[in-house]
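Note that the sequence shown covers residues 979 to 1367 in the numbering used here.
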Amino acid sequence: MIDRDAHQHRPLCVLGSTGSIGVSTLDVARHLSIPVHTLTAHTRLEALAEQARVHGVQRVVCARGEDVGRLRGLLADQPHIEVCGGAAALCEAAGDEHCPTVVTAIVGGAGLEPTLAAVRSGKRVAIANKEPLVMAGELITAEAMHYGATLLPVDSEHSAIFQCLEHHRQSDISQLLLTASGGPFRTIHNLSQVTVEQALNHPNWSMGAKITIDSATLMNKALEVIEAHHLFAIDVSRIEVVVHPQSIIHSLVAFADGSLMAQLGAPDMRTPIQYALTWPYHRSGPVACPDLLAIARLDFETPDHKRFPALELGRHCAQLGGIAPVIFNAANEVAVERFLAQDIRFVDITHGIAEAVDALSSAKYGHSLEDILAADAEARSWLTGWQPR
Ligand code: NDP
Ligand code: MG
């Protein structure tokens, strides 16, 4: 018998539960009565302890081993909750057989090893954390195949494409079209003086700081092109980006016969998160259908590659292959941190990444996890020492 409520019997592990995607995931879990087994966080330990209490979890993990004592103190009234910490504990939690679904909502390359641990335990892995796919897409997809894991996209564009592709043949696809809101600077011509506050003010989406800056540079879309390339096994030359300021169409698939399929929804991450948890079923949840008459119009534009060179740079790195996407991602993570700390200007983010890619992408690394981590570390250190001209 088909059980359309099977999600209610699949306890969750949410990696990065205190962030924007983590909090939205827990809201979806509450609406759909999905049990939550394990939560993990990095710095926001009070928030983690409160989530653990509210959701009645079995285990909490902090990313730093030295925080275990403090976290245990915050949960002194919940002695049945297991408290652990450190990199190995994160991977152990991601691979724990008690959680058949893992949501990867850590930000950045820090999520790579926990993502691999979830994949290697053959689970349903709902992937929000896109940077590991950019760094190690071949490895993650090969391991998913080998261990029988199901990769379910949470990123709204990839969820849209995933839904458009269901019941269709790979060979019938002519192109994937990723939509981009254009970010807060879509209509600002001179980006040399824009501030951190302006860059953090996204017009449509409320998200963590790193991805909000990535949306302002269009780096997020560059990462998403590479993410789509790995998730859907399509060459980057067949992945296009269309600016769509309303963020109602989340992405489209063009088929060989001229059909274009799209998925529409409110700009609310709870919709794609929910579909990753309830797939292959669409269940009633916290988000309402958008009102087309209230929206009234949908606009489309070509991205401005002069003002937003990150998109073409990302495509170039994907085509170079090898270690180039690792350098691209790591340099971006450090450049964004430096911009947020007001150490470099907004336009320097992409300049720094381009110089890092030129300097390091032909280096001696292979494809193993160790090589990926070593190249990642080298690019981080390079960009930390980089000075804008
Ligand atoms: P946030 O910054 O809001 O949250 C990040 C989470 O990861 C927090 O729980 C944080 O813990 C934890 N974390 C941070 N650093 C580490 C670390 N070194 N080790 C372990 N855990 C860590 O990010 P978002 O929720 O915005 O984004 C998460 C991922 O999802 C990103 O990869 C992003 O690109 C992707 N994504 C996000 C979307 C969104 O709408 N936000 C949309 C689509 C994709 P703590 O808070 O305790 O420090
Ligand atoms: Mg997205």
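The C-beta atom is built at its ideal place from N, Cα and C for all residues, glycine as well.
Separation of residue j from residue i, as counted between CA atoms
i, j, result
"residue 1258", "residue 1060", "32 Å"
"residue 1055", "residue 1047", "14 Å"
"residue 1288", "residue 1328", "6 Å"
"residue 1294", "residue 1207", "13 Å"
"residue 1347", "residue 1271", "50 Å"
"residue 1128", "residue 993", "17 Å"
"residue 986", "residue 1103", "16 Å"
"residue 1297", "residue 1213", "9 Å"
"residue 1264", "residue 1365", "46 Å"
"residue 1202", "residue 1083", "15 Å"
"residue 1092", "residue 1081", "10 Å"
"residue 1197", "residue 1292", "8 Å"
"residue 1240", "residue 1182", "19 Å"
"residue 1071", "residue 1301", "29 Å"
"residue 1335", "residue 1267", "42 Å"
"residue 1126", "residue 981", "21 Å"
"residue 1151", "residue 1211", "11 Å"
"residue 1217", "residue 1050", "47 Å"
"residue 1242", "residue 1367", "43 Å"
"residue 1232", "residue 1148", "11 Å"
"residue 1010", "residue 1134", "19 Å"
"residue 953", "residue 1031", "Absent from the structure is residue 953, since the part of the chain shown begins at 979 and ends at 1367."
"residue 1331", "residue 988", "41 Å"
"residue 1013", "residue 1186", "25 Å"
"residue 1384", "residue 1220", "This structure gives no information on residue 1384, because the portion of the chain shown stretches from 979 to 1367."
"residue 1223", "residue 1324", "21 Å"
"residue 1321", "residue 1304", "23 Å"
"residue 1228", "residue 1043", "39 Å"
"residue 983", "residue 1108", "28 Å"
"residue 951", "residue 1230", "Lying before the first or after the last residue shown, residue 951 is absent from the chain, which here runs from 979 to 1367."
"residue 1117", "residue 1274", "43 Å"
"residue 1068", "residue 1176", "34 Å"
"residue 1278", "residue 1088", "35 Å"
"residue 1165", "residue 1226", "19 Å"
"residue 1085", "residue 1236", "37 Å"
Range of the contiguous alpha helix (DSSP H) that encloses residue i
i, result
"residue 1197", "1197–1210"
"residue 1152", "Unbroken run through residue 1152 is the beta strand (DSSP E), 1151–1158; no alpha helix (DSSP H)."
"residue 1359", "1347–1363"
"residue 1146", "Element bounds for residue 1146: n/a, residue is neither H nor E."
"residue 1250", "1248–1256"
"residue 1272", "1270–1273"
"residue 1177", "1174–1177"
Identity of the residues DSSP links to residue i by a beta bridge
i, result
"residue 1242", "1227"
"residue 1279", "1221"
"residue 1190", "Answer is none; residue 1190 lacks a bridge partner."
"residue 1232", "1153, 1238"
"residue 1082", "993, 1105"
Proximity test, residue i beta-carbon vs ligand 4 heavy atom, cut-off 7 Å
i, result
"residue 1060", "Annotation note on ligand 4: not contained in the displayed structure, which lists ligand 1 and ligand 2 as its ligands."
Limits of the beta strand (DSSP E) - the one that residue i falls within
i, result
"residue 1218", "1217–1221"
Any chain B beta carbon closer than 8 Å to residue i
i, result
"residue 1207", "Here there is only one protein chain, and chain B is not present."
Runs of alpha helix (DSSP H) lying entirely within the region 1044–1080, each at least 4 residues, in chain order:
1046–1052, 1065–1073
Every unbroken alpha helix (DSSP H) inside the region 983–1057 [4 residues or more]:
998–1009, 1023–1033, 1046–1052
Stretch pair the region 1019–1031 + the region 1049–1066: three plus CB contacts closer than 8 Å:
yes
In chain order, which continuous runs of the alpha helix (DSSP H) of length 4 or greater are located wholly inside the region 1091–1133?
1109–1125
Do the region 1308–1323 and the region 1348–1360 touch if we need at least three Cβ pairs shorter than 8 Å?
yes
Should the region 1138–1145 be regarded as contacting the region 1104–1117, the criterion being three or more beta carbon pairs within less than 8 Å?
no
Would you call the region 1271–1284 in contact with the region 1115–1135, where contact means no fewer than 3 C-beta pairs closer than 8 Å?
no
Are the region 1084–1101 and the region 1191–1211 touching by the rule of at least three beta carbon pairs closer than 8 Å?
no
What residue ranges within the region 1283–1342 form continuous beta strand (DSSP E) runs of no fewer than 3 residues, ordered along the chain?
none
Can you confirm whether the region 1117–1125 touches the region 1152–1166 when touching is taken to mean that 3 or more C-beta pairs between the two stretches lie within less than 8 Å?
no
Check whether the region 1164–1172 touches the region 1232–1251, taking contact to mean three or more Cβ pairs, one atom from each stretch, closer than 8 Å.
no
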